[in-house]
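Below is one structure; the comments refer to it alone.
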Amino acid sequence: MTKEWIPNINLGQDYDEAYKDATIHFDKLGKLADFFGRDMPMHLHAEYCQIHLVLNGKTFFNIDQNNYQTEGSALFFTPAATPHAFWTEPDAPGFVITFHTSLLEGILDRLDAFNHPFYLPMVLERRKLPDDEWHSIEQLFSMLKHEWKQHAAWQSAAIETLLQLLVIHLVRVSGPPQARHQHHQADIISFRKFSRLVEAHFVEERRISFYCDKLTINESRLNYICKKVADTSPKKILNGRIILEAKRLLSHTSMNLTEISYTLGFIDPSYFSRFFYKNTECTPTDFRKQHRDMP
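FYI, in this note's numbering the residues of the sequence shown are 38 to 332.
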């Protein structure tokens with residue numbers, strides 16, 4: 038009997054195509070529940086982390102085969118490529134932040150906090166935290182909601198700053214990691230390691246053999262793992278990370294195309310333009326016109 042693999046859900050493709058290129062997605066828990074259901078079966082987000090804030094009611098959350106039951110307000114952090122399932126009561130309010138793992142890597146790099154266990158799930162309950170600490174969490178979510186809705190100038194920068202503040206607060210209140218029995222699938226662990234290697238080396242290393250050597254596996258095995266977890270190839274994941282960075286530079290900086298191509302490790306700017314068009318069906322210039330932040 039063949040065991041069905043845990044499905045990978047990409048919100049930009051499966052839920053809201055308006056945000057298919059976004060590194061952050063913010064929504065009400067109820068709106069996502071209306072689409073996916075309140076009883077969400079086991080799934081994962083291959084390249085995205087999630088933070089669920091449930092404001093009241095009972096919640097059952099299974100993260101990486103660890104079961105949690107909470108009552109009242111609770112926060113759940115799910116690292117990228119981590120299988121999880123959850124159930125919330127009908128009409129339970131809350132919010133969900135979905136953000137690309139590269140954002141978390143960048144935040145932890147700036148904080149010099151790579152030793153903090155942000156690659157492990159986190160569960161925080163309102164009843165176990167001081168009032169002021171929980172109030173800060175709700176306040177940050179409220180500010181994120183306001184910023185997400187108003188579409189003002191420098192919106193992306195504001196949202197990323199608020200996300201960083203939230204991560205800082207979670208680092209502060211979570212304390213040392215709790216001892217828990219982990220049941221990691223070997224393929225998911227390898228995929229996470231590959232994702233981190235891509236994040237660290239995507240500018241200077243385009244050879245898949247480099248990543249295989251670091252992981253001590255062959256290319257066939259890495260192709261199998263990426264296909265199984267994320268339904269794509271290692272090369273597409275690597276190219277996707279390069280394209281994501283290119284889009285961020287085009288949208289949020291004044292660097293010209295030559296500067297961007299050199300920053301991303303392309304010696305020939307014309308090759309960068311062809312690479313970008315091949316992967317997006319849009320020229321870098323046209324993408325910048327469509328997505329440039331408001332002045």
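We treat Cβ as the ideally placed atom computed from N, Cα and C, and that holds for glycine.
Note that this is a predicted model, so its numbers are computed, not measured.
*asked:* Suppose the cutoff is 7 Å on Cβ atoms and the five residues either side in sequence are ignored; what does the same chain contact list for V91 look like?
replied: L66, S110, A111, T125, A129, G131
_Per-residue DSSP class, three states only, for C319_ = coil
*State the CB to CB distance for the pair N45 and A83, rounded to an integer number of angstroms; the pair is presumed to be in contact (CB under 8 Å).*
5 Å
*asked:* Give me, in chain order, the residues of the same chain whose beta-carbon lies closer than 6 Å to that of A55; leave out the 5 immediate sequence neighbours on both sides.
replied: none
*asked:* Taking the straight line between their C-alpha atoms, what separation do you get for L275 and F63?
replied: 25 Å
*Any idea if Q50 is buried or exposed, counting beta-carbon neighbours within 10 angstroms, 16 or more meaning buried?*
exposed
*With a threshold of 16 other CB atoms inside 10 Å of the CB of V240, please say whether the residue is buried or exposed.*
exposed
_In the DSSP output, what is N45 paired with across the bridge?_
L81
_Beta-carbon contacts of D76 that lie in its chain and below 6 Å, excluding the five residues immediately before and after_ = W124
*Check each candidate in V266, Q201, T290 and name the one with the smallest Cα separation from I225.*
V266
*For A59, which of helix, strand or coil comes out of DSSP?*
coil
*Does the beta-carbon of P332 have 16 or more other beta-carbons within 10 angstroms, so that it is buried, or is it exposed?*
Only weak support exists for where P332 lies, its pLDDT of 38 falling under 50; the coordinates are left without a value.
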